[in-house]
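Undergrad: Would you mind keeping the following structure in view while I ask a few things?
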Amino acid sequence: MRAWRSRIDGLGLLALLVLMCALQPVRAAAGAALSDDEARKWLARIQTAAHERNYQGTLVFSADGSLSSARVAHFNNGAQSYERVQALDGRMQQTLRHNDRVYTLWPQARVAVVEERDPLQASLRPVVEPRAAESYELRIQGSGHVAGREAQMLLLSPRDGNRFAQRLWIDSRSGLVLRADILGARQQVLESSAFSQVEIDVKPQPESVLQPMKQLAGYRQVRPAQVPTRLEQEGWTLNPPVSGFRLANCTRRALDPVEGGAAPQPVLQAVFSDGLTHVSLFVEPLDRSRHQQPLLTQVGATHTLMHAHGDWWVTVMGDVPAQTLKQFFQALERRR
Amino acid sequence: MNNDPAMNPDEMRRLLSAIADGEAGPAEVESGCGAWAADARLHERWHAYHLIGDVLRSEDLAYAPRHDQAFLERLQLRLDAEPAVLAPRALAQTDTPVTPRRQGWRLPLAMAAGVMALATVLVVANAPTDGSAPTIAQAPQALMPVAQGTQGAAAESVPALEPVPAGGRMVRDAQLDRYLRAHRDYAAALPGSLPGGAGRSVSTVAFER
Chain G
1 MRAWRSRIDG LGLLALLVLM CALQPVRAAA GAALSDDEAR KWLARIQTAA HERNYQGTLV
61 FSADGSLSSA RVAHFNNGAQ SYERVQALDG RMQQTLRHND RVYTLWPQAR VAVVEERDPL
121 QASLRPVVEP RAAESYELRI QGSGHVAGRE AQMLLLSPRD GNRFAQRLWI DSRSGLVLRA
181 DILGARQQVL ESSAFSQVEI DVKPQPESVL QPMKQLAGYR QVRPAQVPTR LEQEGWTLNP
241 PVSGFRLANC TRRALDPVEG GAAPQPVLQA VFSDGLTHVS LFVEPLDRSR HQQPLLTQVG
301 ATHTLMHAHG DWWVTVMGDV PAQTLKQFFQ ALERRR
Chain S
337 MNNDPAMNPD EMRRLLSAIA DGEAGPAEVE SGCGAWAADA RLHERWHAYH LIGDVLRSED
397 LAYAPRHDQA FLERLQLRLD AEPAVLAPRA LAQTDTPVTP RRQGWRLPLA MAAGVMALAT
457 VLVVANAPTD GSAPTIAQAP QALMPVAQGT QGAAAESVPA LEPVPAGGRM VRDAQLDRYL
517 RAHRDYAAAL PGSLPGGAGR SVSTVAFER
């Protein structure tokens, strides 16, 4: 009896394996690559939806088996743009944005970090640019549901080994990204973020963002200085540039706006973007007491490389393979 | 520098890491404790290993490395001031070298604290049971030499990271969060744009010289 059952189980397992093998190529082939024109249209639709739609919901983020969530709201009434992201775990910090003014409130520490950001980079939520089509091939992979809404699955596969694939679930009606998975080289999910609940095209409620920005009694306000600069002006250059990545921003800044008691060391941060993901390059003077071990780490999809570069300490960070970070590090040249 | 002249610093660090992880045998624990008592640098390292565990549990613990160092120092002072009121016990073997009395009981205390810290880390690390191997704060065991200095040589010697061994050697660098926050100010990445980030369990490959 038992032998008989185990034989059936064996057969079932075999059948499952055969089925999986058979399905694999079918899944991979689902949907031909979109033409460049179509791809750009899709990406532009995603970009416009993220900017123009009024929505609020709960976003769940998972990486390496850990889970966190945030309440998110975005309002846009023509000229004005408002955003709120409140972490629901850990220190429950709340980030509020009105156009280019960004406030980050830490309720337990009673600290408010007040910043004025580059309008192009002010968004608290994902930014997808149509030029991502240069570095990624787009495929429609079918449809499904996220947070109870009908969504189309869009696979963005990298055209070279410098970046990770992403699978996006796009709301069929609005074009909003409802879920995003970053996939590793073997198509495994490195990290994932998704709305568990979302309302799209809600009535804008700018007051819900402005009100907490005004009620800062009892909060210590910190205004970190961020000085725009250029890589060349700081004596650095990237030679050769890493394919697909363009310099999006370059500033001198303090890394610890809150703690910054003991002489905050200004750090040079250069941000490079490929339209979908970005890489930060930090350069600071080498401090042998703190900067000892070269380091290569991974958190979810985010890789980090830390290494001495002559008299400097370089940190390269991004949701890209370690190989890409090495390219950035190797291409970095001191010009004076 | 060490009690055991046969042991080089690398081996010593490996042993300390094994003790911190509860992987060392009784004989190793004994020789490790001996070396630890004699070498201030090993005190520091032992402390660092547990700080790593703390940071894995909560990033709040990462911000005051000097605070708990100060606490430990105060504790040491208090322990030194404390009269040693231990129930006297007949020595079973008089031929074993007698360690100084105070250190004799301060050491197990430190070890016990270490074991407790590790136990907590283990519990936290096991919490998300998604079938994957639990991430455990561990000191780097496979130490990969990395040349520092000239750019070309340095970049070449950065070893390949992928694939990260599942449940492999993991280390949390408290420094990382500062950069991560600055990096995520630019919300061009999709899931990473949550303020403060999420992924608290960290798979890291660290290498020392």
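Chains as they are written, first to last, in our numbering: chain G, 1 to 336; chain S, 337 to 545. Backbone N, C-alpha and C define an ideal beta-carbon position, used for all residues, glycine too. These figures come from a predicted structure and were not determined experimentally.
(1) Return the Cβ separation of R336(G) and G235(G) in integer angstroms, given the expectation that the two are a contact with Cβ distance under 8 Å.
(2) Measuring straight from C-alpha to C-alpha, what distance separates L332(G) and D287(G)?
(3) Would the beta-carbon of R131(G) fall within 9 Å of that of G275(G)?
(4) Does the stretch 312 to 326 of chain G touch the stretch 223 to 231 of chain G, meaning 3 or more C-beta pairs lie closer than 8 Å?
(5) Find the residues of chain G that neighbour L378(S), judging by a C-beta separation of less than 9 Å, and give them in chain order.
(6) Using a C-beta to C-beta distance shorter than 9 Å, which residues of chain S count as neighbours of F348(G)?
(7) Give the C-beta separation of V279(G) and G244(G) to the nearest angstrom, bearing in mind that I take them to be a contact with Cβ-Cβ under 8 Å.
(8) Quick one: does V299(G) have its CB under 9 Å from some CB of chain S?
(9) CA-CA distance, R159(G) and S135(G)?
(10) Classify T277(G) as helix, strand or coil using the three-state DSSP reduction.
(11) Pull up the CB-CB distance for H341(G) and Y55(G), whole angstroms please, since I reckon it's below 8 Å.
(12) Can you pull out the residues from the stretch 236 to 257 of chain G whose beta carbon lies closer than 8 Å to at least one beta carbon of chain S?
(13) Inspect the beta-carbon positions of F164(G) and A301(G) and report whether they are closer than 9 Å.
(14) Would you mind telling me which residues of chain G sit closer than 9 Å to L411(S), beta carbon to beta carbon, in chain order?
(15) Assuming S193(G) contacts V60(G) (C-beta within less than 8 Å), just tell me the rounded distance between them.
(16) Going by the beta-carbon positions, is the gap between N162(G) and V271(G) smaller than 9 Å?
(17) Take D311(G) and list the residues in its own chain whose beta-carbon comes closer than 7 Å to its own, dropping the five residues that flank it on each side.
(18) Could you tell me which chain S residues have their CB closer than 7 Å to the CB of Q269(G), listed as they occur along the chain?
(19) I need the DSSP call for V320(G), collapsed to helix, strand or coil.
(20) Please report the Cβ distance between P224(G) and E83(G), rounded to the nearest whole angstrom; I am assuming they are in contact, meaning their Cβ atoms lie under 8 Å.
(21) Consult DSSP for A453(S) and reduce its assignment to one of helix, strand or coil.
(22) M348(S) to G368(S), Cα distance in whole Å?
(23) Which residues mark the beginning and the end of the alpha helix (DSSP H) in which H51(G) is found?
(24) By the DSSP assignment, the alpha helix (DSSP H) with R520(S) in it spans what residues?
(25) To the nearest angstrom, how far is the alpha carbon of A50(G) from that of H386(S)?
(26) Starting from the beta carbon of T315(G), find every residue of chain A whose beta carbon is closer than 8 Å, and list them in chain order.
(27) Please check if any C-beta of chain S sits within less than 9 Å of the C-beta of H278(G).
(28) For A87(G) versus Q93(G), is the C-beta distance shorter than 9 Å?
(29) Give me the residue from R290(G), V299(G), Q298(G) and P321(G) with the minimum Cα distance to T308(G).
(30) Who does D311(G) pair with in a DSSP beta bridge?
(31) If I'm right that L124(G) touches V85(G) with Cβ under 8 Å, what's the distance once you round it to whole angstroms?
(32) Against chain S, which members of the stretch 40 to 53 of chain G pass a CB distance test of less than 9 Å?
(33) Just mark R410(S) as buried or exposed, buried being the case when its beta carbon has 16 or more other beta carbons within 10 Å.
TA: So, from the data block:
(1) Residue numbering aside, residue 336(G) sits at position 336 when the first sequence is read from its first letter. Residue numbering aside, residue 235(G) sits at position 235 when the first sequence is read from its first letter. With a Cβ gap of about 4 Å, R336(G) and G235(G) count as contacting.
(2) Here residue 332(G) corresponds to residue number 332 of the first sequence, with the count starting at 1. Here residue 287(G) corresponds to residue number 287 of the first sequence, with the count starting at 1. Taking the straight line joining both Cα atoms gives about 19 Å.
(3) On the first sequence, residue 131(G) is found 131 positions in, with the first residue counted as 1. On the first sequence, residue 275(G) is found 275 positions in, with the first residue counted as 1. Cβ atoms of R131(G) and G275(G): closer than 9 Å.
(4) no
(5) Position 42 of the second sequence, counted from the first residue, corresponds to residue 378(S). The premise fails here: L378(S) is roughly 16 Å from chain G at the closest Cβ pair, so nothing lies under 9 Å.
(6) Past the boundaries of the shown model lies residue 348(G); chain G is included only from 1 to 336, so the question cannot be answered.
(7) By one-based count along the first sequence, residue 279(G) stands at place 279. By one-based count along the first sequence, residue 244(G) stands at place 244. The pair is not a contact, with the Cβ atoms about 10 Å apart (cut-off 8 Å).
(8) For the purposes of this step, residue 299(G) is identified with residue 299 of the first sequence, where counting begins at 1. Answer yes: the Cβ-Cβ gap between V299(G) and chain S drops below 9 Å somewhere.
(9) Your numbering for residue 159(G) matches position 159 in the first sequence. Your numbering for residue 135(G) matches position 135 in the first sequence. Those two C-alpha atoms are separated by around 5 Å.
(10) Residue 277(G) sits at position 277 when you count from the first residue of the first sequence. Coil.
(11) No information on residue 341(G) is available, as it lies outside the stretch 1 to 336 that chain G covers here.
(12) A248, N249, R253, L255 and D256
(13) In the first sequence, the residue the question calls residue 164(G) occupies position 164. In the first sequence, the residue the question calls residue 301(G) occupies position 301. Cβ distance < 9 Å, so F164(G) and A301(G) count as in contact.
(14) Residue 411(S) sits at position 75 when you count from the first residue of the second sequence. Those within 9 Å of L411(S) in chain G number zero; the least Cβ separation is about 24 Å.
(15) If you number the first sequence from 1, residue 193(G) lands on position 193. If you number the first sequence from 1, residue 60(G) lands on position 60. The beta carbons of S193(G) and V60(G) sit about 7 Å from each other, so the pair counts as a contact at 8 Å.
(16) Numbered from 1 along the first sequence, position 162 holds the residue referred to as residue 162(G). Numbered from 1 along the first sequence, position 271 holds the residue referred to as residue 271(G). No, they are not a contact pair.
(17) The residue you call residue 311(G) lines up with position 311 of the first sequence. So the qualifying residues of the chain are P285 and L286.
(18) On the first sequence, residue 269(G) is found 269 positions in, with the first residue counted as 1. Going along chain S in sequence order, the residues near Q269(G) (Cβ under 7 Å) are A518.
(19) Here residue 320(G) corresponds to residue number 320 of the first sequence, with the count starting at 1. Three-state result, V320(G): coil.
(20) The residue labelled residue 224(G) in the question sits at position 224 within the first sequence. The residue labelled residue 83(G) in the question sits at position 83 within the first sequence. About 19 Å separates the two Cβ atoms, so there is no contact after all.
(21) Translated into the one-based positions of the second sequence, residue 453(S) becomes position 117. Bear in mind that the predicted position of A453(S) carries a pLDDT of just 48, short of 50, making it unreliable; the figure below should be weighed with that in mind. DSSP places A453(S) in helix when its eight states are reduced to three.
(22) Numbered from its first residue, the second sequence carries residue 348(S) at position 12. Numbered from its first residue, the second sequence carries residue 368(S) at position 32. Taking the straight line from one Cα to the other gives about 7 Å.
(23) Start at 1 with the first residue of the first sequence, and residue 51(G) comes out as number 51. Per DSSP, H51(G) belongs to the alpha helix (DSSP H) from D36 to E52.
(24) Taking the first residue of the second sequence as position 1, residue 520(S) is located at position 184. That run of the alpha helix (DSSP H) goes L512 to R520.
(25) Locating residue 50(G) in the first sequence gives position 50, where the first residue counts as 1. Locating residue 386(S) in the second sequence gives position 50, where the first residue counts as 1. Answer to the nearest angstrom: the Cα atoms are 43 Å apart.
(26) The structure shown contains no chain A; its protein chains are G and S.
(27) In the first sequence, residue 278(G) corresponds to position 278, counting from 1. Yes, because at least one Cβ of chain S sits closer than 9 Å to the Cβ of H278(G).
(28) One-based indexing of the first sequence puts residue 87(G) at position 87. One-based indexing of the first sequence puts residue 93(G) at position 93. Closer than 9 Å, so yes.
(29) In the first sequence, counting from the first residue as 1, residue 308(G) sits at position 308. In the sequence under discussion, the amino acid at residue 308(G) is Ala, which differs from the Thr named in the question. Per the Cα distances, R290(G).
(30) On the first sequence, position 311 is the one that residue 311(G) refers to. Beta-bridge pairing links D311(G) to no other residue.
(31) Your numbering for residue 124(G) matches position 124 in the first sequence. Your numbering for residue 85(G) matches position 85 in the first sequence. Rounded, the Cβ-Cβ distance is 5 Å, consistent with contact.
(32) none
(33) Along the second sequence, read from residue 1 onward, the residue named residue 410(S) stands at position 74. When all chains shown are included, R410(S) counts as exposed.
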